[in-house]
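For reference, the structure is listed below as structure tokens.
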Amino acid sequence: MQPHVLTIRKRDVTRWLARLLETREVIAPTLGPCGEIVFSEVRAAEQVVWDFENPLPPPKQFLLPQTDPIVRIQVNGHGAQVEPIHDGRQRVLFNVRPCDVKGIAFLTRMHEMEPADASYLRRAENLTVISLACNTPCQLGFCVCSDSGPFLNSGHDIQLTDLGQKYLAEIGSAKGEGSVADAASLFDPATEDEVAQRKKLEAEAKERFGEETCHFASAMRRVSTRRVDDALWERMSDWCLECGACNFICPTCYCFSVKDRGGDGTWTRCRTWDSCQYAAFTLEASGHNPRAQHGERVKRRFFHKVSAQYYVRDGMTGCVGCGRCVKVCLGTTDMPAVVAAIRKGAWHGQ
Amino acid sequence: MDNDVFLPHIARIDAVRDETPDTKTFTLRFREPEDSKAFRFLPGQFVELSVFGCGEAPFCIASSPTRPETFETTIRRTGTLTDALHQLGAGAEVGIRGPFGNGFDVEGARGKDLLFVAGGIGLPPLRSLIRNVLDERDRFRNVTVLYGARTPVDLVYKDELKEWETDTGVEFHITVDNGLPGWTGNVGMVPVLFTKTTLRPESTLAYVCGPPIMIKFVVQDLFMRGFKEESVISTLERMMQCGIGKCNHCAIGHRYVCRDGPVFNYKQIRELVE
Numbered sequence: 573m574q575p576h577v578l579t580i581r582k583r584d585v586t587r588w589l590a591r592l593l594e595t596r597e598v599i600a601p602t603l604g605p606c607g608e609i610v611f612s613e614v615r616a617a618e619q620v621v622w623d624f625e626n627p628l629p630p631p632k633q634f635l636l637p638q639t640d641p642i643v644r645i646q647v648n649g650h651g652a653q654v655e656p657i658h659d660g661r662q663r664v665l666f667n668v669r670p671c672d673v674k675g676i677a678f679l680t681r682m683h684e685m686e687p688a689d690a691s692y693l694r695r696a697e698n699l700t701v702i703s704l705a706c707n708t709p710c711q712l713g714f715c716v717c718s719d720s721g722p723f724l725n726s727g728h729d730i731q732l733t734d735l736g737q738k739y740l741a742e743i744g745s746a747k748g749e750g751s752v753a754d755a756a757s758l759f760d761p762a763t764e765d766e767v768a769q770r771k772k773l774e775a776e777a778k779e780r781f782g783e784e785t786c787h788f789a790s791a792m793r794r795v796s797t798r799r800v801d802d803a804l805w806e807r808m809s810d811w812c813l814e815c816g817a818c819n820f821i822c823p824t825c826y827c828f829s830v831k832d833r834g835g836d837g838t839w840t841r842c843r844t845w846d847s848c849q850y851a852a853f854t855l856e857a858s859g860h861n862p863r864a865q866h867g868e869r870v871k872r873r874f875f876h877k878v879s880a881q882y883y884v885r886d887g888m889t890g891c892v893g894c895g896r897c898v899k900v901c902l903g904t905t906d907m908p909a910v911v912a913a914i915r916k917g918a919w920h921g922q
Numbered sequence: 699m700d701n702d703v704f705l706p707h708i709a710r711i712d713a714v715r716d717e718t719p720d721t722k723t724f725t726l727r728f729r730e731p732e733d734s735k736a737f738r739f740l741p742g743q744f745v746e747l748s749v750f751g752c753g754e755a756p757f758c759i760a761s762s763p764t765r766p767e768t769f770e771t772t773i774r775r776t777g778t779l780t781d782a783l784h785q786l787g788a789g790a791e792v793g794i795r796g797p798f799g800n801g802f803d804v805e806g807a808r809g810k811d812l813l814f815v816a817g818g819i820g821l822p823p824l825r826s827l828i829r830n831v832l833d834e835r836d837r838f839r840n841v842t843v844l845y846g847a848r849t850p851v852d853l854v855y856k857d858e859l860k861e862w863e864t865d866t867g868v869e870f871h872i873t874v875d876n877g878l879p880g881w882t883g884n885v886g887m888v889p890v891l892f893t894k895t896t897l898r899p900e901s902t903l904a905y906v907c908g909p910p911i912m913i914k915f916v917v918q919d920l921f922m923r924g925f926k927e928e929s930v931i932s933t934l935e936r937m938m939q940c941g942i943g944k945c946n947h948c949a950i951g952h953r954y955v956c957r958d959g960p961v962f963n964y965k966q967i968r969e970l971v972e
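Residue numbers (the numbering used here), protein chains in the order written: chain A, 573 to 922; chain B, 699 to 972.
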């Protein structure tokens, strides 16, 4: 498909959303009960928030729910019956930031690897992602360091850019095409000036990040060749409370466990989020735990995120620079801090 | 099997045999003939076994692919799921996903001398290969099995061990750490058996499986006696959930025990770094 570029006037966006809502579930940033911004399903176009910094929970929950039913199990006098649970909902994820689009691309690539995970891929196929480029960097983001923003130049279904009176809509996929087709009369082809304006906005946004804050390349060299002292990981782990929040709010974390829920002969097998920072993550039934030391678990997390071995497999670092871990960490073991420690070989100067 | 990677296939327990006070062998047969036909495995591979309501856990296949109608798995009672499994008797239904993992390279072992060294509950994964080898005996050269357990009570497959003692196709030695009254055999850790047999390090593949401490001493001993790292083979265990390299519980560096293993030679094991 030839990528092409349209525009839509801001006052027409509500009508476009209304058309989308007729046929699909629309998920967008909305105002939560305590004034916070959260991704949730919207019933009316007016609920969609346009001026926002990234919600703390990323939209991965709509592809990988925290508790995800995968198999229905029944055991009775006739024996055991199992059937897969399919989620076939057509959904649009509206107004997500470029970093989160990259996060979804990471998850999809990982789940496509053989043997492919049909339950994830079915959801991903039915999901259209309409993202909103960041004209202004957010406070904690460092997406420029991991090539995940502030604008996308590939991998989007539709990318919107705020041009003042209008949104520029870059159509990047057949799914994107499909979601403007129903409201084609609301869109006009973009002019050369408008495309140039978008390029200028991207360049300006990048400038505003200032200096790079998270130097992945040199951290990757050290982590991949195991040139980080175990003692340094152990020192870093002193600043981690093992709460697992960094895993749960990370757009690229996907580790899970499988549990049966229910009783009396009827169960739902669920996939649930898990955290590599928990000691029980690797605890075996025998009592043996290969990662009993806390430092080993911190090391595991960052090996998975920034090693060259995983970079080769996943095609990108396991970090999209959204800055959520910086915000959520109760200690200081967030990505930029750990990357800095790896590079310097010292933690808080030690 | 279909591409729904998390969907278990129903298998019935055909028989349950007590091995030791806390270990049982379950003979399993798929309920649907097409599942049975599709289930082709190598020795050393494992299945994810579901006890419905408790979840699932990985267990090695203890029987040989040369006898494909049913398969066996030998399981020690050690947690919630295995407790529940031990309550089940013949006729009960469980779920099976798999087979998973790389398995032993049976073809690559052709024409070689084979040495099996097992400790306690480490015999089941090797037994799959031993039975495969014995069923195709003329494809391999000398076959030696060394087996040890803490006490005579802790030996698994007691009937089969007696057969191996008299089988001319296999040299078999057994030892226990603590002899009980009535035990007339060898007493001592497994490495004491190395003196009972002729080792041929140049032409032998050594398969070692058992508790970590036993593996450590056996492997040290084998290297001292001239075995190369490539010809000492073991199976690794890790906490696992998915069995297909997705959930990350069994990751060691960027390798996954469930998919890249569980069978590794010692050169590969040395290269695995957390």
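Here a beta-carbon is modelled for each residue, glycine too, at the ideal position from N, C-alpha and C. Just so we're clear, the structure is a prediction, and the values are computed from it rather than from any experiment.
Chain A within 8 Å of residue i, Cβ atoms only
i, result
"VAL917(B)", "no"
"GLY799(B)", "no"
"CYS758(B)", "no"
"ARG727(B)", "no"
"ILE942(B)", "yes"
"ILE967(B)", "no"
"GLY908(B)", "no"
"GLY951(B)", "yes"
Three-way DSSP call (helix, strand, coil) for residue i in this model
i, result
"ASP886(A)", "helix"
"GLN849(A)", "coil"
"PRO850(B)", "helix"
"SER703(A)", "strand"
"ALA709(B)", "strand"
"GLY607(A)", "coil"
"GLU754(B)", "strand"
"TRP881(B)", "coil"
"GLY750(A)", "helix"
"PRO766(B)", "coil"
"GLN653(A)", "strand"
"THR586(A)", "helix"
"ILE942(B)", "coil"
"PRO631(A)", "helix"
"PRO761(A)", "strand"
"ASN928(A)", "Because residue 928(A) is not part of the residues shown, which for chain A are 573 to 922, the question remains open."
"GLY806(B)", "helix"
"GLU927(B)", "helix"
Proximity below 8 Å, CB of residue i to CB of residue j
i, j, result
"ILE609(A)", "PRO627(A)", "yes"
"ALA904(B)", "VAL874(B)", "no"
"CYS897(A)", "ASP672(A)", "no"
"PRO862(A)", "ARG837(B)", "no"
"THR579(A)", "ALA741(A)", "yes"
"PHE788(A)", "VAL716(A)", "no"
"VAL851(B)", "THR718(B)", "yes"
"ILE711(B)", "PHE728(B)", "no"
"GLU770(B)", "ALA760(B)", "yes"
"CYS842(A)", "CYS945(B)", "no"
"ASN963(B)", "ILE931(B)", "yes"
"VAL870(A)", "TRP805(A)", "yes"
"PRO670(A)", "LEU724(A)", "yes"
Residue range of the unbroken alpha helix (DSSP H) whose run includes residue i
i, result
"LEU773(A)", "764-779"
"ASP729(A)", "Run containing ASP729(A): none; DSSP gives neither H nor E here."
"GLN918(B)", "910-922"
"PRO823(B)", "821-833"
Delimiting residues of the beta strand (DSSP E) encompassing residue i
i, result
"HIS920(A)", "Run containing HIS920(A): none; DSSP gives neither H nor E here."
"ASP640(A)", "639-648"
"HIS860(A)", "Neither: HIS860(A) is in no beta strand (DSSP E) and is coded neither H nor E."
"LYS738(A)", "738-743"
"ARG833(A)", "828-835"
Chain B within 8 Å of residue i, Cβ atoms only
i, result
"GLU684(A)", "no"
"GLU766(A)", "no"
"TYR739(A)", "no"
"LYS831(A)", "yes"
"GLN881(A)", "yes"
"ARG807(A)", "no"
"GLY651(A)", "yes"
Segment contact, 8 Å Cβ cut-off, at least three pairs: the stretch 764-783 of chain B with the stretch 809-817 of chain B: A contact is defined here as three or more CB-CB pairs under 8 Å, and the stretch 764-783 of chain B fails this definition with respect to the stretch 809-817 of chain B.
Three-pair Cβ contact test at 8 Å for the stretch 790-806 of chain B versus the stretch 732-746 of chain B: These segments touch.
Cβ pair count under 8 Å reaching 3, the stretch 658-668 of chain A against the stretch 576-596 of chain A: As far as the Cβ criterion goes, the stretch 658-668 of chain A touches the stretch 576-596 of chain A, which means the pair count is three or higher.
The stretch 752-760 of chain A / the stretch 703-712 of chain A touching (three or more Cβ pairs under 8 Å): A contact between stretches requires three or more CB pairs, one per stretch, nearer than 8 Å, and the stretch 752-760 of chain A fails this requirement with the stretch 703-712 of chain A.
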